[in-house]
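First the structure, in the form of structure tokens, and then the observations on it.
Number of protein chains: 2
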Amino acid sequence: MPETETAPTLDDVALAARVSTATVSRCINDPKKVSQKTRDRVEAAIDKLGYTPNFAARSMAAKRTFTIGAIIPTMENAIFARGIQAFQEELYQHGYTLLISSSGYKAEAEKEQIKTLVARGADALLLIGHDRDPAIYDYLERQRVPTLVAWSYDETAQTPSIGFDNRTAMRALAETVIAKGHTSIAMISGISQQNDRARLRIEGVKDAMLARGLDPDTLDPIEVPYNVNDGASAFVTLMSRHPRPSIVMCGNDVLAVGALRGAAELGLNVPEDISITGYDDLELAQVVSPALTTVRVPHREMGRNAACEIVDMIEKKRKGVSQKLKATVVERASVAQVQ
Amino acid sequence: MPETETAPTLDDVALAARVSTATVSRCINDPKKVSQKTRDRVEAAIDKLGYTPNFAARSMAAKRTFTIGAIIPTMENAIFARGIQAFQEELYQHGYTLLISSSGYKAEAEKEQIKTLVARGADALLLIGHDRDPAIYDYLERQRVPTLVAWSYDETAQTPSIGFDNRTAMRALAETVIAKGHTSIAMISGISQQNDRARLRIEGVKDAMLARGLDPDTLDPIEVPYNVNDGASAFVTLMSRHPRPSIVMCGNDVLAVGALRGAAELGLNVPEDISITGYDDLELAQVVSPALTTVRVPHREMGRNAACEIVDMIEKKRKGVSQKLKATVVERASVAQVQ
DNA sequence: ATTATTAATGTAAGCGCTTACATTAATCGG
DNA sequence: CCGATTAATGTAAGCGCTTACATTAATAAT
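Protein sequences, first through last, are from chains S and X.
Going by our numbering, the first sequence opens with residue 1, and the numbers climb by one from there.
Going by our numbering, the second sequence opens with residue 1001, and the numbers climb by one from there.
See the structure below:
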């Protein structure tokens, strides 16, 4: 019995199986290169000793970590959870581990986390949205770290992306709403600075207004952080505008839920007194009452596809190819027909 | 200009600063050991080259990774998100990185992920709840990986834990409910197999029933996975029981929201026709209507404290000390006064 | 049987750090 | 001013793997 129980190493296994360390290594990484007979011996030794390869040693020698880093703006609400979970599951299938950080929507924090992840030898990075300091992209390029953007789609961007066209999807929602007779539209948006999703959703609403003969300048969105409380207070502010809007379109479902709460506080009925829309189709959207009219985003599909794409980028050493997923408007009870 | 732009190493820095690698290393890890003058030189070199230490090399040499692993049952809904986010933030303050996996409530997956995390050299592990194969605890002990349990408190357990007493908290909620005149109680629980939180919450309800002269055997909880749909269908099942319960207590808020939806499907008004309670006090609970009577859990505090404790365990090489946080019942609109 | 070819295995050189120990420089008491 | 301390720096041995290359064993071709 060993007095200082220390984890067994490759050497221990090699010794026990009476082969060289190279053979053990091959058994693990490329089994077909070793004969059945010795493979059996080695595997027996591995089992007996309970050997697990040391990750740091392995990644130093191989210059590969089988780790992929992802930086998401927040874990607090469900916005990214489903997609990231799917991303992780798919990655796992391919033998990769996911390292997640959250930046709290702060560009500086994100920058730092990117460096940390790179120092940790992430084989690739998943980032949310395109908007960030170009220096970051330069850095990533110089470090040769493949990078993929998700939750956003932009074919003109340098960095490949898998996501949906936020602008077009939001425009479709806005057109639906306008078709229902709403002409006085207000909007609660997330902070659009450094956030293309937020920015493009605003543009989408304006596109629709323009197309339908409404003046986009009257939209004048309020920008607040994505949480229920801020959504609620923004809603209250909006309700004091003159003329009072007939609908409040929100940058996402969390904000819309906040708006719903604001309406409740004001004693307003939704959708009779005021209509509200969201974006994302979180579980939240169906659970709240009235259920939210919103845009459904294929979270899981996006996560899965991003995982496959990023693994391919790494293993085939090729540039990523962007993928546009369709986001569809789903109509529920939070929008009234006007007149 | 280097043709193959490869990340600068310690050697490069040492060369540029005209010192040995040891000095550079000390500059980074223990600056007070080197004189101001050379420190300045080294730091200048680091800046100039844009050097970041290689994580794998560092952790191999130091046998420390400054990484802490956490395995949570799921990321899909908000149950663990807030607490884990706080955990991560606090860890970050102390210079540690968090590696998260989710097991999907599957014991086998959890076991495998624990091994992965250990192989990756996690300095410590955060696990949710106490219930798991004892072999896992043995393994962790043998590998000398400090382990802390969260979301659960059990002073009798071998492994230290930071959490709340699920049983007592649920009992308090049940007593509140009984005090309001409910005598026919039904329950939708999470799967209690390998899940002490679920198990103890059931026990808590039974404790209250016993204490108030109700027969605990009539509770007969339905166990389903923690998601809205399963909650809804369990609710429907429960409503066909005779006699029909006057209240459905749920194992958590997600299930309670499902129950709410089930009630809506059945055309039942909450709380007039049927009362419902949750557990966790997720944001969800306040946002749904009627707002849920539930148990508030100090998620962020738990995450923060767990981080401090686990860092201490690592750095002071001492056993963890358990911490019991108070969970309080919060009454909202989903429970009616009977009679 | 003999050589050419291929498959299986072994040898050993790193990968980029940390750190025990050795060496040299600076400081100090008498 | 000198030996004794103490502070600052350097030297070099690993940490546990992978993998290019060398060697040996097995198989095929002649």
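The beta carbon of each residue, even a glycine, is placed where N, CA and C say it ideally should be.
Using the rule of at least 16 other Cβ atoms within 10 Å of the residue's Cβ for burial, across every protein chain shown, is residue i buried or exposed?
| i | result |
| --- | --- |
| X/R1064 | exposed |
| S/L117 | buried |
| S/D47 | exposed |
| X/Q1193 | exposed |
| S/D131 | buried |
| X/N1269 | exposed |
| X/N1077 | buried |
| S/P31 | exposed |
| X/R1144 | exposed |
| S/K106 | exposed |
| X/V1013 | buried |
| X/Q1036 | exposed |
| X/L1210 | exposed |
| S/P146 | buried |
| X/N1054 | buried |
| X/D1165 | buried |
| S/R167 | buried |
| X/T1156 | exposed |
| S/S321 | Correcting the residue identity first, residue 321 of chain S is Val in this sequence and not Ser. Counting Cβ neighbours within 10 Å, S/V321 comes out exposed, since fewer than 16 surround it. |
Going by DSSP, which residues form a beta bridge with residue i?
| i | result |
| --- | --- |
| S/G69 | S/L99, S/L125 |
| X/E1223 | X/S1189 |
| S/R296 | S/D280, S/T328 |
| X/S1161 | X/V1149 |
Who are the near neighbours of residue i in its chain, counting only those whose CB is closer than 7 Å to its CB and skipping five residues on each side?
| i | result |
| --- | --- |
| S/A208 | R171, A174, E175, I178 |
| X/V1338 | K1180, G1181, H1182, S1246 |
| S/F344 | In the structure displayed, chain S extends from 1 to 339; residue 344 of chain S sits before or after that span and is not available. |
| S/S103 | I71, P73, A109, E110, Q113 |
| S/E272 | A336 |
| X/A1062 | none |
Assign residue i to one of three DSSP states: helix, strand, or coil.
| i | result |
| --- | --- |
| X/V1321 | coil |
| X/T1074 | coil |
| S/T147 | strand |
| S/V177 | helix |
| S/F80 | coil |
| S/I310 | helix |
| X/V1254 | helix |
| X/I1247 | strand |
| X/G1204 | helix |
| S/G262 | helix |
| S/I274 | coil |
| S/N229 | helix |
| X/Q1339 | coil |
| S/N269 | coil |
| X/E1003 | Residue confidence for X/E1003 is low, a pLDDT of 40 falling below 50, so the modelled location carries little weight and cannot support an answer. |
| X/T1052 | coil |
| X/V1288 | coil |
| S/G104 | coil |
Among residues of its own chain, excluding the 5 on either side of residue i, which ones have a beta-carbon nearer than 6 Å to its beta-carbon?
| i | result |
| --- | --- |
| S/S189 | A198, I202, P221, E223, G251 |
| X/L1010 | T1021, V1024 |
| S/A169 | V295, A327 |
| S/I191 | E223 |
| X/S1059 | T1065, G1121 |
| S/V311 | H94 |
| X/G988 | The requested residue 988 of chain X does not occur in the structure, where chain X is confined to residues 1001 to 1339. |
With a CB to CB cut of under 8 Å and the five nearest residues on each side skipped, what residues in its chain are close to residue i?
| i | result |
| --- | --- |
| S/S332 | The sequence shown places Arg at residue 332 of chain S, rather than the Ser named in the question. Closer than 8 Å at the Cβ level, and outside the excluded window around S/R332, lie A285, Q286, P290, A291, L292, T293, T294. |
| S/G231 | I188, V224, C250, V254, L255, A256, V257, G258, A259, R261, G262 |
| S/V19 | T38, R41, V42 |
Does the beta-carbon of residue i, which I'm using as the reference point, lie nearer than 7 Å to any heavy atom of the ligand HEM?
| i | result |
| --- | --- |
| S/G95 | The ligand content of the structure shown is nil, which means the ligand HEM is not present either. |
inquiry  = Output needed in chain order: residues of the region 1142 to 1166 of chain X with a Cβ under 7 Å from some Cβ in chain S.
reply    = R1142, Q1143
inquiry  = Give me the subset of the region 106 to 135 of chain S whose CB atoms are less than 8 Å from a CB atom of chain X, sorted by chain position.
reply    = K115, T116, V118, A119, R120, G121
message = Short of 9 Å Cβ to Cβ, which residues in the region 84 to 102 of chain S face chain X?
response = I84, Q85, Q88, E89, Y92, T97, L98, L99, I100, S101, S102
task = Determine which residues of the region 284 to 297 of chain S have a Cβ less than 9 Å from any Cβ of chain X, and write them out in chain order.
result = L284, Q286, V287, V288, S289
request  = Report the residues of the region 1059 to 1083 of chain X with a CB closer than 8 Å to any CB of chain S, ordered along the chain.
outcome  = S1059, M1060, T1065, T1074, M1075, E1076, N1077, A1078, A1081, R1082
inquiry  = Against chain X, which members of the region 45 to 58 of chain S pass a CB distance test of less than 9 Å?
reply    = G50, T52, P53, N54, F55, A56, A57, R58
message = Please identify, using Cβ separations under 7 Å, the residues of the region 248 to 271 of chain S that lie next to chain X, in order along the chain.
response = V257, R261
ask   = When you check each C-beta in the region 217 to 229 of chain S against every C-beta of chain X, which residues fall closer than 7 Å?
value = V228
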